[in-house]
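Okay, so here's the structure we're looking at.
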Amino acid sequence: MDYFSYRDSELWVEGAPLRKIAEAVGTPAFVYSSAALRDNLAAYDKAFAQVPHLVCYSVKAASSLAILALVAKGGRGADVVSGGELYRALKAGVPAGKIVYSGVGKTAGEMAEALDAGIMLFNVESEPELDLLSRVARERSKKAPVAVRVNPDVDPGTHPYVATGLRESKFGLPPDAALALCLRASQDPALEVLGVDCHIGSQLTSAAPFAAAVERLAVLVGDLSARGVKLRYLDLGGGLGINYNGESPPTPAEYAAAVIKASDGLGLTLVLEPGRSVVGNACVMLTTVLYDKNVGGGRPRFVIVDGAMSDLLRPSLYGAYHGIVPVRKTGAPEIKVSVVGPVCESGDFLARDRPLQTVVPGDLLAVGSAGAYGFSMSSNYNSRTRAAEVLVDGGAFRVVRDRESYDDLTRGEHF
Ligand code: LLP
50 MDYFSYRDSE
60 LWVEGAPLRK
70 IAEAVGTPAF
80 VYSSAALRDN
90 LAAYDKAFAQ
100 VPHLVCYSVK
110 AASSLAILAL
120 VAKGGRGADV
130 VSGGELYRAL
140 KAGVPAGKIV
150 YSGVGKTAGE
160 MAEALDAGIM
170 LFNVESEPEL
180 DLLSRVARER
190 SKKAPVAVRV
200 NPDVDPGTHP
210 YVATGLRESK
220 FGLPPDAALA
230 LCLRASQDPA
240 LEVLGVDCHI
250 GSQLTSAAPF
260 AAAVERLAVL
270 VGDLSARGVK
280 LRYLDLGGGL
290 GINYNGESPP
300 TPAEYAAAVI
310 KASDGLGLTL
320 VLEPGRSVVG
330 NACVMLTTVL
340 YDKNVGGGRP
350 RFVIVDGAMS
360 DLLRPSLYGA
370 YHGIVPVRKT
380 GAPEIKVSVV
390 GPVCESGDFL
400 ARDRPLQTVV
410 PGDLLAVGSA
420 GAYGFSMSSN
430 YNSRTRAAEV
440 LVDGGAFRVV
450 RDRESYDDLT
460 RGEHF
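Numbering (this note's numbering), first residue to last: 50 to 464.
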């Protein structure tokens, strides 16, 4: 169900008009729907109900404590990639025993923090990383729970920056090297080999690459079993795409059907690390029109807004499409405009050559599909204070992250 919809001519989220939120909180602001978040998480549990599984929400997609608390309340776990994300997940109430730690560059300090917390699984990506983890575990008289990340060399058919399971990518190990590493780890008293793992990319719009990856992992699981290494977890990473601009990615149910079939008979608990498909379409970024800059002479017409690449980087970084709609439909004619922010770069745009209702300064716009890798990739570039985050639940809304102040901006600086 889409929780963002027009009533009369005004855009609402759940039972709250977005205009009211903007008036109370200011712009730019990221506004999340709790109902959408709950639905999207529930869709995974429903889709995988027939097999043992754990949904570990990928914290990097949107990391605010309120979102993580909502994830934790539903009994789900978290996928983290830094000490900071681990800190956030624990602080929000995600049990350590439901946290998986991914990423190619874990430091000794981060490993120690995760071991002390008692996380469920380290997804190890290289031999030197395994060696370091073993040393850190020994020093702390702990046994580190390990899965080895496999690079299955599968093309996810996505933007090259977010394709992670191709042989040239920095992630994971080819199956033969992963096998050797699992065998080595199984001999190490400081390590407990519990699984294999993969994450082949993000914003996938077909289930076939997922199934192909799982089939390769299944072969590895069989080889390990034949050598006496019995696993508990098959971690499939995240990656399911969402509809930004007419894409029709598989539903969690279709995705589940494909990967359950490919992993059938292995008897392992499936670990899922969805990020984008949980939060992407559960949020809009509200922004206010500052100027309509129309110099004529065949030049682009710019709608200059108070949201920028520092708030939502995806259009600038990936050429990503985000729908932009007026918070109030006026019936004014649509014209082709580029929606740009105040940052001093020509790469600072939210949309280019897009039909948009004619706007005037002060009008509110909603930038769609902004929940995943929106606020979490925002920055203070141009010394802009970062946006507020708002969580809506029914007709109620609350600020879950304050808009930054100038004090926040210079915190920790010395001169
Ligand atoms: N697990 C691992 C190990 C990951 O690296 C990622 C995302 C996920 C899970 C979650 O994937 P998702 O379900 O969200 O596709 N900034 C980019 C996306 C980067 C994804 C990085 N890894 C963007 O805005 O498109």
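Cβ atoms here follow ideal geometry from the backbone N, Cα and C, with glycine treated the same way.
Please confirm whether any heavy atom of the ligand LLP lies closer than 7 Å to the CB of ASP128. Numbered from its first residue, the sequence shown carries residue 128 at position 79. Yes, since a heavy atom of the ligand LLP falls inside the 7 Å radius drawn around the Cβ of ASP128.
Go ahead and pull the three-state DSSP assignment for LEU361. Here residue 361 is taken as the residue at index 312 of the sequence shown, counted from 1. Taken through DSSP and simplified to helix, strand or coil, LEU361 comes out as coil.
Give me the Cα-Cα distance between GLY271 and GLU178, rounded to the nearest whole angstrom. Counting from one through the sequence shown, the residue named residue 271 turns up at place 222. Counting from one through the sequence shown, the residue named residue 178 turns up at place 129. So the two alpha carbons sit approximately 24 Å from each other.
Which two residues bound the contiguous beta strand (DSSP E) that contains TYR55? As a position in the sequence shown, residue 55 is number 6, starting the count at 1. 53-56 is the extent of the beta strand (DSSP E) around TYR55.
Relative to the ligand LLP, is the shortest distance from any of its heavy atoms to the C-beta of SER428 smaller than 7 Å? The count along the sequence shown starts at 1 and reaches residue 428 at position 379. No, since every heavy atom of the ligand LLP falls outside the 7 Å radius drawn around the Cβ of SER428.
Less than 8 Å separating the beta-carbons of VAL327 and LEU283? In the sequence shown, residue 327 corresponds to position 278, counting from 1. In the sequence shown, residue 283 corresponds to position 234, counting from 1. It is not a contact, given that the beta carbons lie outside the stated cut-off.
Under the rule that 16 or more other beta-carbon atoms within 10 Å means buried, what is ALA121, buried or exposed? The residue you call residue 121 lines up with position 72 of the sequence shown. In summary, ALA121 is buried, with 16 or more beta-carbon neighbours lying within 10 Å of its beta-carbon over all protein chains present.
Beta carbon of GLY466, beta carbon of GLY420: below 8 Å? It is not possible to answer for residue 466, since the shown part of the chain is limited to 50 through 464.
Same chain only: Cβ atoms within 7 Å of ARG137, ignoring 5 sequence neighbours per side: In the sequence shown, residue 137 corresponds to position 88, counting from 1. VAL108, SER112, LEU114, LEU117, listed in sequence order.
What span of residues does the alpha helix (DSSP H) with ILE309 cover, start to end? Counting from 1 along the sequence shown, the entry for residue 309 is found at position 260. It spans 301-311 - the alpha helix (DSSP H) in which ILE309 sits, taken as one unbroken run.
Limits of the alpha helix (DSSP H) - the one that ALA138 falls within: Working through the sequence shown from its first residue, we reach residue 138 at position 89. In the DSSP assignment, ALA138 falls within the unbroken alpha helix (DSSP H) covering 132-140.
At a cut-off of 7 Å, would you count VAL211 as near the ligand LLP, judging by its Cβ distance to the nearest heavy atom? What you label residue 211 is simply residue 162 of the sequence shown in a count that begins at 1. Yes; taking the cut-off as 7 Å, the Cβ of VAL211 has a heavy atom of the ligand LLP nearer than that.
For SER131, is the beta carbon positioned less than 7 Å from some heavy atom of the ligand LLP? Counting from one through the sequence shown, the residue named residue 131 turns up at place 82. Every heavy atom of the ligand LLP is 7 Å or more from the Cβ of SER131, so no.
What's the call for ALA302, buried or exposed, on a 16-neighbour Cβ count within 10 Å? Looking up residue 302 in the sequence shown gives position 253. Per the 10 Å Cβ criterion, exposed.
Quick check on ARG276: buried or exposed, where buried means 16 or more other Cβ atoms within 10 Å of its Cβ? Numbered from its first residue, the sequence shown carries residue 276 at position 227. That one is exposed.
Grab the span of the beta strand (DSSP E) containing ASN89 for me, first residue to last. Within the sequence shown, residue 89 is the residue found at index 40, counting from 1. For ASN89, no beta strand (DSSP E) segment is defined; the enclosing uninterrupted segment is the alpha helix (DSSP H) at 83-96.
Roughly how many angstroms lie between the CA atoms of ARG189 and ALA239, to the nearest whole one? On the sequence shown, residue 189 is found 140 positions in, with the first residue counted as 1. On the sequence shown, residue 239 is found 190 positions in, with the first residue counted as 1. ARG189 and ALA239 have their C-alpha atoms roughly 10 Å apart.
Heavy atom of the ligand COA within 7 Å of GLN252 beta-carbon: Judged by which ligands are present, the ligand COA is missing from the structure shown, whose ligands are the ligand LLP.
At the level of alpha carbons, what is the spacing between ASP507 and GLY324? Because the chain in this structure spans residues 50 to 464, residue 507 falls outside the shown range and cannot be described.
Distance, Cα to Cα, ASN89 vs PHE446? For this step, residue 89 is matched to residue 40 along the sequence shown. For this step, residue 446 is matched to residue 397 along the sequence shown. So the alpha carbons of these two residues sit roughly 19 Å apart.
Would DSSP call PHE464 helix, strand or coil? Position 415 of the sequence shown, counted from the start, is the residue given in the question as residue 464. In the structure shown, PHE464 sits in coil (DSSP, three-state: anything other than H, G, I, E or B).
What does DSSP give as the partner residue(s) for TYR150 in the beta ladder? For the purposes of this step, residue 150 is taken as residue 101 along the sequence shown, with counting starting at 1. According to DSSP, which records beta bridges pairwise, TYR150 is partnered with VAL129, PHE171.
Under 8 Å between the Cβ atoms of VAL308 and THR336? In the sequence shown, the residue the question calls residue 308 occupies position 259. In the sequence shown, the residue the question calls residue 336 occupies position 287. The answer is no: Cβ separation not under 8 Å.
Mind checking whether CYS231 and LEU273 have CB atoms under 8 Å apart? In the sequence shown, counting from the first residue as 1, residue 231 sits at position 182. In the sequence shown, counting from the first residue as 1, residue 273 sits at position 224. Taking 8 Å as the Cβ cut-off, CYS231 and LEU273 qualify as a contacting pair.
For ASN429, which option in LEU289, ALA127, TYR455 has the closest C-alpha, if you only look at C-alpha atoms? As a working mapping, residue 429 is identified with position 380 in the sequence shown. Of the candidates LEU289, ALA127, TYR455, the one whose C-alpha sits nearest the C-alpha of ASN429 is TYR455.
Quick check on DSSP: helix, strand or coil for ALA145? Here residue 145 refers to the residue found at position 96 when the sequence shown is read from its first residue. For ALA145, the three-state secondary structure derived from DSSP is helix.
On a Cα-Cα basis, can you pick out the residue from GLU322, LEU414, LEU182 that is closest to GLY126? Along the sequence shown, read from residue 1 onward, the residue named residue 126 stands at position 77. Taking only the C-alpha atoms, the option nearest GLY126 is GLU322.
With ILE353 as the anchor, note down where its beta strand (DSSP E) starts and where it stops. As a working mapping, residue 353 is identified with position 304 in the sequence shown. 351-354 is the extent of the beta strand (DSSP E) around ILE353.
C-alpha distance - LEU366 paired with ASP360, whole-angstrom precision: Position 317 of the sequence shown holds residue 366. Position 311 of the sequence shown holds residue 360. Computed Cα separation, rounded: 12 Å.
For ASN330, count neighbouring C-beta atoms within 10 Å of its own C-beta (all shown protein chains included) and say buried if the count is 16 or more, exposed if not. Position 281 of the sequence shown holds residue 330. The residue in question, ASN330, is buried, as its Cβ has 16 or more Cβ neighbours within 10 Å.
If we ignore side chains and look at the alpha-carbon of each, how far apart do ALA436 and PRO77 end up? Here residue 436 refers to the residue found at position 387 when the sequence shown is read from its first residue. Here residue 77 refers to the residue found at position 28 when the sequence shown is read from its first residue. Roughly 5 Å separates the two Cα atoms.
Only counting the same chain, and skipping five residues up and downstream in sequence, which positions put a Cβ closer than 8 Å to that of ARG363? The sequence position of residue 363 within the sequence shown is 314, counting from 1. Taking ARG363 as the centre and dropping the five residues before and after it, the same chain places the C-beta of ALA369, HIS371, TYR422, GLY423, MET426 closer than 8 Å to its C-beta, in chain order.
Given this structure, state the Cα-to-Cα distance separating LYS140 from LEU222, to the nearest angstrom. In the sequence shown, residue 140 corresponds to position 91, counting from 1. In the sequence shown, residue 222 corresponds to position 173, counting from 1. Pairing LYS140 with LEU222, the inter-Cα distance amounts to about 32 Å.
Beta-bridge partners of MET334, as assigned by DSSP: Against the sequence shown, residue 334 aligns to sequence position 285. MET334 pairs with PHE79, VAL416.
Cα-Cα separation, ARG184 to ALA98: Locating residue 184 in the sequence shown gives position 135, counting from the first residue. Locating residue 98 in the sequence shown gives position 49, counting from the first residue. For ARG184 and ALA98, the distance between alpha carbons rounds to 38 Å.
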